[in-house]
Structure formats: C-alpha cells, structure tokens
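What follows is one structure encoded as structure tokens, with my remarks underneath.
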Amino acid sequence: MATKASTKTKNKTEDRGNKNSFEQFKKLLLKRKEELASSVKNHVEELPDTGMEGAAGDTSDRASADYTSEMFGVLLQRQAGTLEEVERALTKIEKGEFGICEACEKTIPAKRIKALPWARFCLECQQVHDRKQARRSSSASTDWDSDDD
Ligand SMILES: [Zn+2]
C-alpha cells in the first residue's frame with residue numbers, strides 16, 4: 000500500500016535544508032541589528048552635548064550631567080558593542096564562517112548559537128576571553144577608585 004503523500008506544501012521556500020539553516024540566524028541578526036541601530040541612534044540624539052564627542056573638554060562642574068551621560072554612555076556602549084558583534088556575525092555568515100569559534104576554530108555548539116547567535120567563541124574560549132577582560136577592567140578601575148588611604 001503506497002501512502003499518498005500529501006504534497007500540499009504551500010510555502011515557496013525553495014530549500015529548507017540544513018545548509019541554509021544560517022538563513023534563520025541571518026534574519027534574526029538583521030532584525031536585531033535594526034533594533035540596536037535605531038536604539039543607539041535614539042540615545043545619541045537624546046544625549047546632552049556633554050556626551051561622547053566633547054568628553055575630553057571641560058568636565059569640571061557638571062557632575063550630575065556627567066552622571067546622566069555616563070548612564071547613557073554605559074547603555075550606549077553596551078548596545079553599540081552588541082551591534083558590532085551582530086554585524087560581525089552577519090559578515091561571518093556571508094563568508095561561511097558563522098558558528099565557528101574565533102579562537103580555537105571549532106564549531107560552536109548549536110545550543111549556544113541559538114542562545115547567542117552573535118557568539119564569537121565557544122563556551123570555553125569565551126570564559127578565557129571574559130577572564131582576560133575582567134582582569135583588564137579591574138586593573139583599569141583602580142585608577143579612579145583610589146578611596147583608601
Ligand atoms: Zn573556542
């Protein structure tokens with residue numbers, strides 16, 4: 000008995016093979032990129048002119064304004080950082096390098112990619128990377144965190 004396969008698939012997607020599973024990540028990343036880009040843009044527009052560009056100028060008696068722009072700055076930095084990661088991931092999709100750890104060049108587990116499509120490293124390398132970053136920022140923070148005497 001031959002089973003009559005119901006070939007009523009209406010979706011016009013030409014191929015849904017595993018090879019093109021990056022497509023869904025690409026869409027996801029493009030969407031994220033748009034969101035981040037517009038968000039960053041909005042924040043830049045909201046930023047008082049003491050912001051990013053003129054930060055090196057006179058910052059003597061603007062403590063509260065500094066605080067606000069610092070808050071914005073942190074948020075902005077984070078978003079801009081993610082935006083960069085997202086753009087990088089998109090480039091990798093184009094190059095066919097998506098999902099490969101930048102450090103050890105192993106395939107990043109699908110589970111991790113699904114959770115974080117712009118992940119640059121596998122979990123192990125990410126931990127090493129984070130540790131390096133943490134060390135760097137904690138040594139930098141001792142500069143202005145000189146409270147004890
Ligand atoms: Zn790795």
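If you count by numbering that gives the first Met the number 0, then the sequence shown holds residues 0 to 148, one letter each, in order. C-beta: ideal position from N, C-alpha, C; glycine also. Only a predicted model underlies this, so the values are computations on that prediction, with no experimental measurement involved.
Let me check understanding here. Comparing Cα to Cα, which of the options lies closest to residue i?
i: methionine 70; options: Leu35, Ser20, His42 and Thr106; result: His42
i: glycine 98; options: Phe120, Ser137 and Gln78; result: Phe120
i: glutamate 83; options: Gln125, Glu45 and Val39; result: Val39
i: glutamine 126; options: Pro116, Cys103, Lys113 and Ala109; result: Cys103
i: glutamate 22; options: Glu93, Arg135 and Arg134; result: Glu93
Just curious, the alpha helix (DSSP H) that residue i is in, first and last residue?
i: serine 37; result: 21–45
i: alanine 114; result: 109–114
Exposed or buried, which one is residue i when buried takes at least 16 other CB atoms within 10 Å?
i: tryptophan 35; result: Checking the displayed sequence, the identity of residue 35 turns out to be leucine instead of tryptophan. So leucine 35 counts as buried.
i: leucine 89; result: buried
i: alanine 54; result: Confidence in alanine 54 is poor, its pLDDT being 48 and thus under 50, which makes the residue's placement too unreliable to answer from.
Tell me, to the nearest whole angstrom, how far the beta carbon of residue i is from that of residue j; I am working on the premise that it is less than 8 Å.
i: isoleucine 107; j: alanine 118; result: 6 Å
i: valine 85; j: lysine 32; result: 5 Å
i: leucine 29; j: proline 116; result: Incorrect: roughly 11 Å between the Cβ atoms, too far for contact.
Worksheet item: So which residues touch the region around ligand 1, with touch meaning a C-beta under 6 Å from any heavy atom?
Response: Cys100, Ala102, Cys103, Lys105, Phe120, Cys121, Glu123 and Cys124
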